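S.K.: Just dropping this structure here.
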Amino acid sequence: MLEDVPRDPFADDPNDPAAELGEPDDPEPLSVAERDEALTDLGDVEVFRSLLEPQGVLGLVLDCPECGEQHYFDWDLLRGNLRQMIDNGRPQVHEPAFQPDPSDYVSWEYARGYVDGVIDTEESR
18 MLEDVPRDPF ADDPNDPAAE LGEPDDPEPL SVAERDEALT DLGDVEVFRS LLEPQGVLGL
78 VLDCPECGEQ HYFDWDLLRG NLRQMIDNGR PQVHEPAFQP DPSDYVSWEY ARGYVDGVID
138 TEESR
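What follows is the structure, given as structure tokens:
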């Protein structure tokens, strides 16, 4: 499913700065529980996108536990990262969003609440 992920901006570049790092180690495969969780997340992202993208939401903002900052992911990048993790055990390295407008992104919790609200509204009809 590599067609689902953004292309490496340094692919085939002889001056790729990451070349000095050598080839990455083969990642450990995801456990069954981790894979199931990633598949659930992927399904959630598809539902979030189908309901929120028509409202002008470009993607999700996620808190990074490693650096403590927020990272902005558009729908395609988020989907591609999850597919890459499911298929290869880790997400592909990617460029962060360039000067994202925070008002174009919502948190996972907001997206989940929005979906729950849509479901509740449909069920009460």
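Numbering of the sequence shown is given in the working numbering, commencing with residue 18 and proceeding in unit increments. Note that beta-carbon positions come from the ideal geometry of N, C-alpha and C, so glycine has one too. Predicted model, so just to flag it, every value in this text is computed and none were measured.
Can the beta-carbon of residue 102 be found less than 9 Å from the beta-carbon of residue 55?
M.R.: Within the sequence shown, numbered from 1, the residue matching residue 102 stands at position 85. Within the sequence shown, numbered from 1, the residue matching residue 55 stands at position 38. Yes, these two residues count as a Cβ contact at 9 Å.
S.K.: Rounded to the nearest angstrom, what separates residue 67 and residue 76 at their Cα positions?
M.R.: Walking along the sequence shown from the start, residue 67 turns up at place 50. Walking along the sequence shown from the start, residue 76 turns up at place 59. One C-alpha to the other measures close to 11 Å.
S.K.: Rounded C-beta distance between residue 106 and residue 47? I'm assuming under 8 Å.
M.R.: Walking along the sequence shown from the start, residue 106 turns up at place 89. Walking along the sequence shown from the start, residue 47 turns up at place 30. Yes, they are in contact, since the Cβ atoms of residue 106 and residue 47 sit about 6 Å apart, within 8 Å.
S.K.: Is DSSP giving residue 53 helix, strand or coil here?
M.R.: To locate residue 53, count along the sequence shown from 1; it is residue 36. In this structure, residue 53 counts as helix in the three-state DSSP scheme.
S.K.: Excluding the 5 residues flanking residue 18 on each side, which residues of the same chain have their C-beta closer than 6 Å to its C-beta?
M.R.: On the sequence shown, position 1 is the one that residue 18 refers to. Its pLDDT being 43, under 50, residue 18 is placed unreliably by the model, and the measurement read from it follows with that caveat. Cβ within range, chain order: 100 and 104.
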